[in-house]
Structure formats: structure tokens, C-alpha cells
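Enquirer: Questions regarding the structure given below will be posed in turn.
Number of protein chains: 2
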Amino acid sequence: MSKSSDNTRNKILVATWHLMEENQGQGVRMSDIAKRAGVSRQAVYLHFANRTDLIIATIAYVDQQKGLGERMASFNAASDGLHLLDQLVEVWGDYMPEIAGISRAMLSTRNSDADMAAAWNKTMGCLKAACRKVITALESDGLLAKNWTTETAVDLSATLLSFQNWEQLTSEYGWSGEHYKTTIKTVLIRALTVN
Amino acid sequence: MSKSSDNTRNKILVATWHLMEENQGQGVRMSDIAKRAGVSRQAVYLHFANRTDLIIATIAYVDQQKGLGERMASFNAASDGLHLLDQLVEVWGDYMPEIAGISRAMLSTRNSDADMAAAWNKTMGCLKAACRKVITALESDGLLAKNWTTETAVDLSATLLSFQNWEQLTSEYGWSGEHYKTTIKTVLIRALTVN
DNA sequence: CTTTTGTTTTACATTGTGTCAATCGATATG
DNA sequence: CATATCGATTGACACAATGTAAAACAAAAG
């Protein structure tokens, strides 16, 4: 693929990203994206098979641009379970607001689109893997309360940390990002650990 | 409004309800509903202004048919905070699976439809009111942990009990209804109450 | 018998996604 | 220089689903 083609592809990805964030992931049409990117609507279909494909490529692009990998590296640095938990909530709690628009777009179409559902589950698998790391660390520290299995504790953590919950607490109930993070930490610690 | 008109209206509501439950609230078209009700598609528009209006009427109809009011009465019978909490999770946890289809339909359109969003918020206001009753009871029992205000505790309870969380834990992570209820009770008690 | 009411039938407008074919301009390659 | 090739443009079109409009019709009520 030539250089100019890659350029156009990137312009489309950036346009999608920005439009999604500006409009909270709603009411963004393919023609809007094309206009913003400065190309024809049909050019978009030369680079992406359909709307779902474009959005999935966009979230991957954003993850890479935002350096989700590096942020997760700082998460990996912690040793004991409680530190890991703290770091996970910090990193994840700071990341969600940065991808709110595109995430909403994914959520609102995943019900009617199997590919989108799969892409979303992949992202959530990422979160679940991080949760599993926290839980197993808590377990080997002897801190996981005895009513939990590893799996149920992971399920609950991932659910509590879900994008939908973050959105409800912050944007609907008006919690600040800091309040969200400290409260979720407290709830997780009280729910999962002994005493 | 005449008797035959009411009859048709009911047939449409029942058809909507059943189709939504059968199809998990997805891919149900106005023409499908009309066919199931045994009327013309246009007849549906004689009784309901649009799709959103129909779905909102359906959830109200189902709430009434299922006797949500009566079930909530048993919830009101409890006196102390811990009993109220137990009853709320029982009633709500048993109710959600019965309205799963229509609830999904509401959720998937609320992003693009302000009326639907308002209707959904009304339902959630119902849950929040119940949560508030639990929290204030816990408070007057002296059981609410001191890091919570009434409002933040209500927000967290309503979020933890949200339909989306129930759906994720049961249908995605395979929790049984009983496991959901007992686990959520435990988490709420540990998170909200002292010791 | 006539009017009203609920419904049917047919047709059409609209919106947004996705496809197709012809064309155009620049850039390599012989 | 001539000519393929490639990316993009243009304009047209198919399609699905919602919603609207008008004319006809059947049954019940006055």
C-alpha cells in the first residue's frame, strides 16, 4: 500500500476519532466522517469494509496513540495485590474518559452487530486479564475473602469497572473522576479482601 | 375509545412484549409486531405515535401485568435496613430476567432517542427510590459506613443493581440468578455497612 | 338510511448504509 | 515519450426500515 493511501487512511481514522469524541459517539454518519477527513464518502469504503470495521480500526488506533500499552506497564510494576488494585483503578479510571465517545459508539451498535460485539468483548477481555492479575496477587497475599473463587472475583471486578458503570456514575450521577476512583477502590477492597 | 379499539391496542402490546422476549429485544420490526398481532402495520400507528411510544407503552403494560407494584409491597414490609436490602435484591433480582427483552430494546435505542432515555431514567428513578429507602434505613440503624453520604451510597447501590450489570454477570459470565443475588447482597453489605 | 369509527390497502417520502461503473489525475515503468 | 496503474472522485442506484397520506371498506350506532 502506497504512502498517499496510508495518509488518507490515517486522516479518516483521526476524523472518526475526533467526531466520536465531539458527539459522544452518537449521530456520526459516514458522510460526516468523510467530510471531516476531506475525502469523498466512497473513499472511506476503499479503506474500510463498513462502519463497524472503521470503528474497530479507530479504537485500535486510539489505543495505540494514547499509549495504553505503556500505561499498563506502570500497572505491571506493582508487586503486592493491594498496590496492583490501586494501580489498575488509577490507569483504567483515567483512560475511560479519554475513549468515552468511541466506546459509546461501540456499545450502541454491538447489540445489532456481531462483529462489534466481538471487538468490544476483546477490549473487555483486556480488562478482565488485568483484573485476574490483581485477584491472583490478592490470593497469594492471603487477602482474598474466602467466599470468592478466582473467577467470580474477576467477574465482579470487571463488572464493577465496566465502562457503563463509569459512565453512569460520572456523567449521569455527577461523580468526579477522582471520586469515582477512590470510591471504586474502597468498594473493591471491602468486597474482595478479608477484614 | 371503543372496546374493539382497546382490544387491538392490547393485542399489539402483547405481540410487542412476546416478540421482544423471544428475540432479546433485537431485530424486532414494526411489521413483525403487526403481523404477530394480526393487524396491518399501519394499524399500529393508529394506536402508537412511533416505535419509541410503543415500547414505552409496552414496558408499562408489562410492569402492570407482572404486578411489580405488589412485589414492591412485600419489599416495603421489611423494617430494618439489612432486611430491606435483602428484600430489594430478591425482588429486583427476580424481576430483571422477566423483562430482559424489552429492557434491552429500551437500552439499545436510548442513545439515539431522548424520549426513550427519559423513559429509561424513569424506571431507574424507581430503583433509585428503593435504594434510597434501604440506605436511609441503614443510616438510622447506625450501620452505614462513615465514608458514605446518603446520595453516594444510593448512587453506588443503583449502579451495582443496574440492568446492565445483571446482564453481564448472568448472561455473559454465566452466573445463576441465585448466585447473582447472594453475591450482590454480600458486596453491598460489605461495601456499605460498618464491619 | 346515513354517519361515524376502526381498519385496510396502496403508495410514497425519508434517512442512512453500502455497491457499482465510469472517469480523472498523478505517478511509475517500459 | 507512451502507457499502465493506483487512489480518489463523481453520480447513480439498491436496500431496509420508519413514518406519512389518502382512498376505500365494513360494521356498528344514530
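Chains A and B supply the protein sequences, listed in that same order. Residue numbering for the first sequence follows the numbering used here, starting at 1 and increasing by one per position. Residue numbering for the second sequence follows the numbering used here, starting at 1001 and increasing by one per position. Here a beta-carbon is modelled for each residue, glycine too, at the ideal position from N, C-alpha and C. If you're wondering where the values come from, they're calculated on a predicted model, not measured in any experiment.
#1: Please say whether S1157 of chain B and L1192 of chain B have beta carbons closer to each other than 9 Å?
#2: Is M1 of chain A helix, strand or coil by DSSP?
#3: Assuming G81 of chain A and L13 of chain A make a contact with CB atoms under 8 Å, what is their CB distance in whole Å?
#4: In chain order, what are the residue ranges of uninterrupted alpha helix (DSSP H) at least 4 long that sit wholly in the region 59-135 of chain A?
#5: Counting only beta-carbon atoms, is G25 of chain A nearer than 9 Å to chain B?
#6: Suppose only complete runs of 4+ residues qualify. What are the alpha helix (DSSP H) ranges in the region 161-189 of chain A, listed by chain order?
#7: Just to confirm my understanding: we take A78 of chain A, look at its own chain, exclude 5 residues before and 5 after, and list those with CB closer than 7 Å. What are they?
#8: Would you check if there are 3 or more beta carbon pairs closer than 8 Å linking the region 1099-1106 of chain B to the region 1058-1078 of chain B?
#9: Give every residue of the same chain whose Cβ lies closer than 8 Å to the Cβ of R51 of chain A, excluding the five residues on either side of it in the sequence, and list them in chain order.
#10: Closer than 9 Å by beta-carbon distance: list the chain A residues that pair up with R1202 of chain B, in chain order.
#11: Look up T1193 of chain B in the DSSP assignment and give the residues it is bridged to.
#12: R29 of chain A by DSSP, collapsed to three states: which one?
#13: Out of B:E1167, B:V1039, B:E1022, B:N1147, point me to the one whose CA is closest to R190 of chain A's CA.
#14: Using a beta-carbon distance below 9 Å, is Y45 of chain A in contact with chain B?
#15: Report the neighbours of N165 of chain A on chain B: residues whose CB is nearer than 9 Å to its CB, in chain order.
#16: Are the Cβ atoms of G93 of chain A and G177 of chain A separated by less than 9 Å?
#17: For a contact defined as C-beta to C-beta under 9 Å, what are the partners of D6 of chain A on chain B?
#18: Kindly list, in the order they appear in chain A, the residues whose Cβ is closer than 8 Å to that of R1104 of chain B.
#19: Residues of chain B with CB under 7 Å from Y180 of chain A, in chain order?
#20: From N195 of chain A to Y173 of chain A, what does the alpha carbon distance come to, in whole angstroms?
#21: For chain A, find out if any of its Cβ atoms is closer than 9 Å to the Cβ of Q1064 of chain B; answer yes or no.
#22: Pick helix, strand or coil for A1049 of chain B, following the three-state DSSP scheme.
#23: For V154 of chain A, collect the residues of the same chain with a Cβ closer than 8 Å to its Cβ; drop the 5 residues on either side in sequence, then sort them by chain order.
#24: Measuring only the C-alpha atoms, how far is L160 of chain A from V1039 of chain B?
#25: Can you list the residues of chain B that S197 of chain A reaches, using a CB-CB cut of under 7 Å?
#26: Buried or exposed for E167 of chain A, please, with buried defined as at least 16 other CB atoms from any protein chain shown within 10 angstroms of its CB.
#27: Find the residues of chain B that neighbour N147 of chain A, judging by a C-beta separation of less than 7 Å, and give them in chain order.
#28: What do you get for K181 of chain A, buried or exposed, if any count of 16 or more other CB atoms within 10 angstroms of its CB means buried?
#29: Report the option in B:D1006, B:S1162, B:F1048, B:T1149 whose CA atom is closest to the CA atom of P1097 of chain B.
#30: Please report the distance separating the alpha-carbon of K185 of chain A from that of V89 of chain A.
#31: For S1108 of chain B, return the contacting residues in chain A, with the cut-off set at a CB-CB distance below 8 Å.
Expert: Working from what's here:
#1: yes
#2: Because the pLDDT at M1 of chain A is just 48, under 50, the model does not fix this residue reliably, and the point stays unresolved.
#3: Going by Cβ atoms, the distance from G81 of chain A to L13 of chain A rounds to 38 Å, so no, they are not a contact pair.
#4: 68-77, 81-95, 100-110
#5: yes
#6: If we require 4 residues or more, the alpha helix (DSSP H) runs fully inside the region 161-189 of chain A come out as 163-167.
#7: L84, Q87
#8: yes
#9: M30, T109
#10: A question about residue 1202 of chain B goes unanswered here, because the residues of chain B that appear run from 1001 up to 1195.
#11: B:L1144
#12: coil
#13: B:N1147
#14: No - not a single Cβ of chain B is within 9 Å of the one on Y45 of chain A.
#15: T1159, L1160, S1162, Q1164, N1165
#16: yes
#17: Near D6 of chain A there are no residues of chain B at all, since even the closest Cβ is about 32 Å away, more than 9 Å.
#18: N111
#19: From the beta-carbon of Y180 of chain A, no residue of chain B is found nearer than 7 Å; the closest lies around 10 Å away.
#20: 29 Å
#21: no
#22: coil
#23: Only K128, C131, R132, I135 meet the Cβ criterion.
#24: Within the model, the alpha-carbon separation for L160 of chain A versus V1039 of chain B is close to 44 Å.
#25: The requested residue 197 of chain A is not part of the displayed model; chain A covers only 1 to 195.
#26: buried
#27: T1186
#28: buried
#29: The shortest CA-to-CA distance from P1097 of chain B to any of B:D1006, B:S1162, B:F1048, B:T1149 is the one to B:S1162.
#30: 7 Å
#31: S108, N111, S112
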